[in-house]
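What follows is a single structure, written as structure tokens, with notes after it.
There are 2 protein chains.
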Amino acid sequence: MMLAPLLFYIQDRLVDPWLENKEEPEFDTIDGPGNPVIIAGFGRMGQIVSRLLRVSGIPFTALEVNYQQVDFVRRFGAKVYYGDASRLELLEAARAGEAKLFVLAIDDVEASVRTAEVVRRHFPNLPIIARARNRTHYFHLRDLGIQNIFRETFPTSIEIARLALLRLGMSPAVTERAVGLFKSHDEQQLEAQYAVHHDEKALIQTTQQTAAQLQELFETDEIIQGAQANLPTEKV
Amino acid sequence: MMLAPLLFYIQDRLVDPWLENKEEPEFDTIDGPGNPVIIAGFGRMGQIVSRLLRVSGIPFTALEVNYQQVDFVRRFGAKVYYGDASRLELLEAARAGEAKLFVLAIDDVEASVRTAEVVRRHFPNLPIIARARNRTHYFHLRDLGIQNIFRETFPTSIEIARLALLRLGMSPAVTERAVGLFKSHDEQQLEAQYAVHHDEKALIQTTQQTAAQLQELFETDEIIQGAQANLPTEKV
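These protein sequences, in sequence, are chains V and E.
In terms of the numbering used here, the first sequence opens at residue 339 and continues consecutively.
In terms of the numbering used here, the second sequence opens at residue 339 and continues consecutively.
Shown next, in the form of structure tokens:
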């Protein structure tokens, strides 16, 4: 089957004709009163969060450094400002001091941490909910005192694994038990790793130890053991 | 606060000393009988899926094109083969013909679609569970007849939005209702978009129409309306 380049590049193709006759503008200025929520990063995740806020009637100000991304979503009616969310001037223009919540949805790790540092330093009372690319990104954000951090592909990985177990013949009850055990173990592992994350040797050791603990946990779990014995040998 | 480069680069730093004295090897050959599950792509998502399979006692064969990634996880005891999962020889060596499930967890969109094409053409009876980067990637995989596709950052976006609504003072019940409405609407929108995705104009029109429908849905929903009236004006 042929690939349809239209699909890979539809966003570029929609954006390009619009951009052709325009210079890249100066960073936007934000006028008027602030909104209760500031969303930094208006990519795949920031947009979903903003849609749920919008339909719930909660006003937000979105900040996005990528000009093409901003212009594209603006054409669909979204209210987004072009600018680097780690710049204090932009945060002040967005009335960060009066906001109730800061959603840190920037995908780039260094830009995310840089923004988190500025927000924490200048608006220490503004609660932050953050996206993290991976564990090291997560550790960085925790070091800045952020408590609500979501690893961006973790829940989807769990959903894929759940469906895989079901498709391989595990019962729904056993699958939910396995998933629940794994998730709570993974959270404990993350905490244990965070406690030693400045010490490389201890980090590796902790990772290996907690992996062994999880294995042991499952091996001594009768429900999972029973499930293994019942795995079908034919194709699902 | 200073950035700790150790954290950003810990994986590189763990891998580099190991790589220094080695040439990049030829693609691995896979010996022995096949495993019931093949995981293509052993990055953040493939690894989580594999950990849940491993503790559940289900053998898998992981294929990963990135040599450094493979060597790194091998040092922690994982069984992974270095190779391009879209190469028929590698799929045959992994006994794809006898496998029960193929987990397509490759992050790169073009490599993912290329692999899906080869698997669908040569192993049409092998069920696939796939990761998609975005909607266009999703449409591509659907075009190849794959039914079980998970958008990689969508569930996390929903989790962030859920916590945001709660932090802004929405009750748990109203929040769950809003999240549930949004998710089912989003799935309908995805289906509607898929139906017209080869027609650029119709795709934009459908997107705008379904967005308006969602807005209307929430605006006529008394429970959500009630929630808006109760939004607190002080900081959360």
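Where a beta carbon is used, it is the ideal one built from N, C-alpha and C, also for glycine.
In this structure, the beta-carbon distance from G379(V) to E436(V) does not fall below 7 Å. When only Cα atoms are considered, Y420(V) and N404(V) end up about 7 Å apart. DSSP places V517(V) in the helix class (H, G or I) of the three-state scheme.
Under the 7 Å criterion on CB atoms, F488(E) is classed as interfacial with respect to chain V. The segment 481–498 of chain E makes no contact with the segment 523–533 of chain V, as fewer than three CB pairs between them are under 8 Å. One finds F488 and P493 in chain V with Cβ atoms closer than 7 Å to the Cβ of E497(E), taken in chain order.
Boundaries of the beta strand (DSSP E) harbouring I467(E): I466 to A470, taken from the DSSP string. With the criterion set as a beta carbon lying under 9 Å from some beta carbon of chain V, the members of the segment 518–546 of chain E are L519, F520, H523, D524, H535, H536, E538, L541, I542, T545 and Q546, in sequence order. Residue environment analysis places H475(E) among the buried positions, since at least 16 neighbouring C-beta atoms fall within 10 angstroms of its C-beta. Chain V has a Cβ within less than 7 Å of the Cβ of A516(E). Assigned with DSSP and collapsed to three states, T491(E) falls in coil, not helix or strand. The beta carbon of F477(V) sits closer than 8 Å to the beta carbons of Q531, Y532 and H535 from its chain, once the five residues preceding and following it are set aside; these are given in chain order. In the three-state DSSP reduction, L482(V) falls in the coil class, being neither helix nor strand. When the Cα atoms are used, G370(V) and G395(V) turn out to be separated by approximately 18 Å. Take T544(V), set aside five residues on each side of it, and the residues of its chain with a beta-carbon closer than 7 Å to its own are A530, Q531 and V534, in chain order. Residue burial annotation: K539(V) is exposed, with fewer than 16 other C-beta atoms found within 10 angstroms of its C-beta. DSSP places V393(E) in the helix class (H, G or I) of the three-state scheme. In this structure, the alpha-carbon of E427(E) lies about 16 Å from that of L464(E). Using a Cβ distance threshold of 7 Å, F488(V) and R469(V) count as a contacting pair. If you check the CB distance, F398(V) and V375(V) come in under 7 Å. The residue among A516(V), N486(V), R480(V) and Q527(V) with its C-alpha nearest the C-alpha of A499(E) is N486(V). Using a Cβ-Cβ cut-off of 7 Å, S394(E) counts as an interface residue toward chain V, since at least one Cβ of chain V sits closer than that to its own.
Going by DSSP, E430(E) is part of the alpha helix (DSSP H) stretching over L426 to A431.
Chain E has no Cβ within less than 7 Å of the Cβ of I444(V). The CB of V387(V) comes closer than 9 Å to the CB of S495, I496, I498, A499 and A502 in chain E, given here in chain order. Pairing L401(V) with A432(E), the inter-Cα distance amounts to about 46 Å. The alpha-carbon of L390(E) is positioned some 15 Å away from that of P510(V).
R425(V) has a beta carbon lying at 7 Å or more from every beta carbon in chain E. The residues F440, L442 and I484, in chain order, have a CB closer than 6 Å to that of I466(V) in the same chain once the five nearest residues on each side in sequence are set aside.
When secondary structure is reduced to three states using DSSP, A378(E) falls in the strand class. Residue state for E402(E) is assigned as strand, using DSSP reduced to three classes.
Non-local C-beta neighbours of R458(E) in its own chain, meaning closer than 7 Å and more than five positions away in sequence, comprise L482 and G483, ordered along the chain. Looking at the DSSP output, F440(V) bridges to I376(V) and I466(V). In terms of beta-carbon proximity, R505(V) lines the interface with chain E, with at least one pair separated by less than 7 Å. Within its own chain, the residues whose Cβ lies closer than 7 Å to the Cβ of D422(E), once the five positions on either side in sequence are excluded, are V403 and L428, listed in chain order. Interface annotation, I484(E): not in contact with chain V, CB-CB separation never under 7 Å.
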